[in-house]
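Reading through the C-alpha cells given below for one structure.
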Amino acid sequence: MIDRNGYRSNVGIILLNSKNEVFWGKRIKQDSWQFPQGGIKPGESPEQAMYRELTEEVGLHPWHVEIIGRTRHWLRYEVPDQWIRRDWRGNYKGQKQIWYLLRLVGRDCDVSLRTSVRPEFDAWRWNQYWVELESVVEFKRQVYRQALTELARLLNRPLPPFGGDNNNGRSGYDAREQIASAPAKQGDQQ
Numbered sequence: 008m009i010d011r012n013g014y015r016s017n018v019g020i021i022l023l024n025s026k027n028e029v030f031w032g033k034r035i036k037q038d039s040w041q042f043p044q045g046g047i048k049p050g051e052s053p054e055q056a057m058y059r060e061l062t063e064e065v066g067l068h069p070w071h072v073e074i075i076g077r078t079r080h081w082l083r084y085e086v087p088d089q090w091i092r093r094d095w096r097g098n099y100k101g102q103k104q105i106w107y108l109l110r111l112v113g114r115d116c117d118v119s120l121r122t123s124v125r126p127e128f129d130a131w132r133w134n135q136y137w138v139e140l141e142s143v144v145e146f147k148r149q150v151y152r153q154a155l156t157e158l159a160r161l162l163n164r165p166l167p168p169f170g171g172d173n174n175n176g177r178s179g180y181d182a183r184e185q186i187a188s189a190p191a192k193q194g195d196q197q
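Residues in the sequence shown are numbered consecutively from 8, following my numbering.
Printed below as a string of C-alpha cells:
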C-alpha cells in the first residue's frame, strides 16, 4: 500500500512494561535495535495491522496488551536509495506510520520471537523510555523521537532534552517543536 506521494502505510509499536520501560528488539543477524513495526495490508485498519505485527514479531496477542494511545496523525520518514528494493525504486520514498503505545498486561515469558516463519528479531530487552537512539538505523531516528515525544503525554513524564544526533543541522533541535507546530488533522486518510 504505497500512497500517491510514495509512502508505504505502516504501524509502529511502543510496548511498555509495568515500570514504563520500552521493548526493544534486535534485528536478526544485525547490531541494530528497533521497536516492532510493519506494513498495513490492503483492507486492514492500522489497529488490525498493529495486532498482526505484534503477534508476528513479538508473539503477543491482543489479550497480552492494552492500548494506551496512538499518534494523532501519520509520521513519515524517507528511506535512502541504497535501502530501497530495486523493484520499488522510482515510486517509493519511505514509510508513513501510525504509532501505538501499548502496555504489556501479560508476562515477559509471553514474548516469543519465534512465532513467525521469518523472525524479525533474535533478541529483546527492556530499556528506559528515554534512551539514546544510536542503535536505531539513522534514517528512522527522527520518527522514533516524534513518536516517543507525542506519546509521552500519556505517561505523565517530562520530555527529554533532545539535541545531538540527527538534528537536521539545527543546533539544539527539539522534536517537541515539530509536534507543537504540526497542524491537527482530522482522520488518518492520506
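Heads up, the beta-carbon is just placed ideally off N, CA and C, and yes, glycines get one too.
Check, Outcome
"Cβ neighbour criterion (16 or more within 10 Å) applied to residue 135", "exposed"
"Spatial distance of residue 144 from residue 40 (CA atoms)", "8 Å"
"Assigned secondary structure, residue 55 (DSSP; H/G/I helix, E/B strand, else coil)", "helix"
"Beta-carbon proximity of residue 105 to residue 77, cut-off 8 Å", "yes"
"For residue 19: DSSP bridge partner residues", "44 and 106"
"Proximity winner among 137, 160 and 98, relative to residue 10 (alpha-carbon distances)", "98"
"Residue 164 classed as buried or exposed, judged by whether at least 16 other C-beta atoms fall within 10 angstroms", "The pLDDT assigned to residue 164 is 48, lower than 50, so where the model puts this residue is not dependable, and the model offers no usable value."
"Rounded Cβ spacing between residue 120 and residue 66 (contact assumed at less than 8 Å)", "7 Å"
"Element boundaries [beta strand (DSSP E), containing residue 158]", "Unbroken run through residue 158 is the alpha helix (DSSP H), 148 to 159; no beta strand (DSSP E)."
"Expected contact under 8 Å - CB spacing of residue 127 and residue 64 to nearest Å", "5 Å"
"Identity of the residues DSSP links to residue 111 by a beta bridge", "72"
"Which of helix, strand or coil DSSP assigns to residue 143", "coil"
"Collapsed DSSP secondary structure at residue 85 in the structure displayed", "strand"
"Sequence-distant residues of the same chain with beta carbon closer than 7 Å to residue 14, five excluded per side", "83, 100, 101, 102 and 103"
"Burial state of residue 132, where buried means 16 or more other Cβ atoms lie within 10 Å", "exposed"
"Run of the beta strand (DSSP E) containing residue 98, from where it starts to where it stops", "Where residue 98 is concerned, there is no enclosing beta strand (DSSP E), given that its DSSP letter is neither H nor E."
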